[in-house]
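**Q** To convert, note that position 104 of the sequence shown is 96 in our numbering; the numbers rise steadily by one, no gaps. We put the CB at the ideal spot given by N, CA and C, even for glycine. Supplied in structure tokens, the structure appears directly below.
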Amino acid sequence: MDLNLLKQHSPCAWEIPAQGKMRVPGMIYASKELVLAMDHKVYEQAVNVAMLPGIVDASYVMPDAHWGYGFPIGGVAAFDADAGGVVSAGGVGFDVSCGVRCLHTGLRREHIMTVQRALAETLFERIPAGLGSTGAIRLNSAQMDAMLSGGAKWAVGRGWGTSADLERVEEHGQMLHAKP
-7 MDLNLLKQHS PCAWEIPAQG KMRVPGMIYA SKELVLAMDH KVYEQAVNVA
43 MLPGIVDASY VMPDAHWGYG FPIGGVAAFD ADAGGVVSAG GVGFDVSCGV
93 RCLHTGLRRE HIMTVQRALA ETLFERIPAG LGSTGAIRLN SAQMDAMLSG
143 GAKWAVGRGW GTSADLERVE EHGQMLHAKP
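Dropping the structure here:
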């Protein structure tokens, strides 16, 4: 990525100034070396996301970003539904079913503002992240095949979700021709 297109705020914070049809600026959080290693398509996609209706604050790019399908992989954006905001499949991870989803909690912003730090810490402690062998779920080969072909329906069947969750994911959580 061309650093001349960016305004550096700190060693790891770079702004894509709002221009043209951008509603908000873009913000890249990465070291100079990581930004230089990013494909120019990441820049283009961050700019495109910044043009979407209802976008709030900025189009964010994380240090591991690479170009994706509409959004950069490693892109983050929030949208205000009352301002014409959108939900973009490219922004919630659909190509490899990476598990990033829209979650409906029933909570309102005012309910969590006073406990947001504790909430973030609890989510970090309880949601597995990354690869490793420390997860609580152990599957043998047959169970793994059942999970891969059953998708989110398999998880809901074990009490790890609700049928309403299946309404919020593509293919209702199970790809028709999935064959492990």
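(1) How would you call residue 20, buried or exposed, if buried means at least 16 neighbouring beta carbons within 10 angstroms?
(2) Which of the three DSSP states, helix, strand or coil, is assigned to residue 103?
(3) Evaluate residue 196 with the Cβ neighbour count: other Cβ atoms within 10 Å of its Cβ, from every protein chain shown; 16 or more gives buried, anything less gives exposed.
(4) Which of helix, strand or coil does DSSP assign to residue 52?
(5) Take the Cβ of residue 11 as the centre, count every other Cβ of all protein chains shown within 10 Å, and call the residue buried at 16 or more, exposed below.
(6) Below 8 angstroms on the Cβ atoms is my contact criterion, and I expect residue 42 with residue 18 to pass it. Report the Cβ-Cβ distance as a whole number of Å.
(7) Roughly how many whole angstroms lie between the Cα atoms of residue 144 and residue 168?
(8) DSSP has residue -1 in a bridge; who is on the other side?
(9) Which stretch, first to last residue, makes up the alpha helix (DSSP H) that contains residue 19?
(10) Thinking C-alpha only, which one of 62, 56, 14 and 26 is nearest residue 47?
(11) First and last residue of the beta strand (DSSP E) that includes residue 70?
(12) Taking the C-alpha atoms as reference points, what is the distance between residue 98 and residue 104?
(13) Per DSSP, what kind of secondary structure is residue 57 in: helix, strand or coil?
(14) Along the alpha helix (DSSP H) that carries residue 161, what are the first and last residues, could you check?
(15) Suppose the cutoff is 7 angstroms on Cβ atoms and the five residues either side in sequence are ignored; what does the same chain contact list for residue 33 look like?
(16) If we ignore side chains and look at the alpha-carbon of each, how far apart do residue 109 and residue 117 end up?
(17) Skipping 5 residues on each side, what residues in its chain have a beta carbon closer than 6 angstroms to that of residue 56?
(18) Using the rule of at least 16 other Cβ atoms within 10 Å of the residue's Cβ for burial, across every protein chain shown, is residue -7 buried or exposed?
(19) Taking its Cβ as the centre, do 16 or more other Cβ atoms sit within 10 Å of residue 30, making it buried, or is it exposed?
**A** This is what the structure gives:
(1) By the 10 Å Cβ count, residue 20 comes out buried.
(2) helix
(3) As displayed, the chain neither begins before -7 nor continues past 172, which places residue 196 out of reach and without an answer.
(4) strand
(5) exposed
(6) Contact flag correct, Cβ pair sits at about 5 angstroms.
(7) 12 angstroms
(8) 7
(9) Looking at the DSSP string, residue 19 is not in any alpha helix (DSSP H); the run it does join, the beta strand (DSSP E), is 18 to 20.
(10) 14
(11) 65 to 71
(12) Here the C-alpha atom of residue 98 lies approximately 11 angstroms from the C-alpha atom of residue 104.
(13) strand
(14) Careful: residue 161 lies outside any alpha helix (DSSP H) and carries neither H nor E.
(15) 59
(16) 12 angstroms
(17) 66
(18) buried
(19) buried
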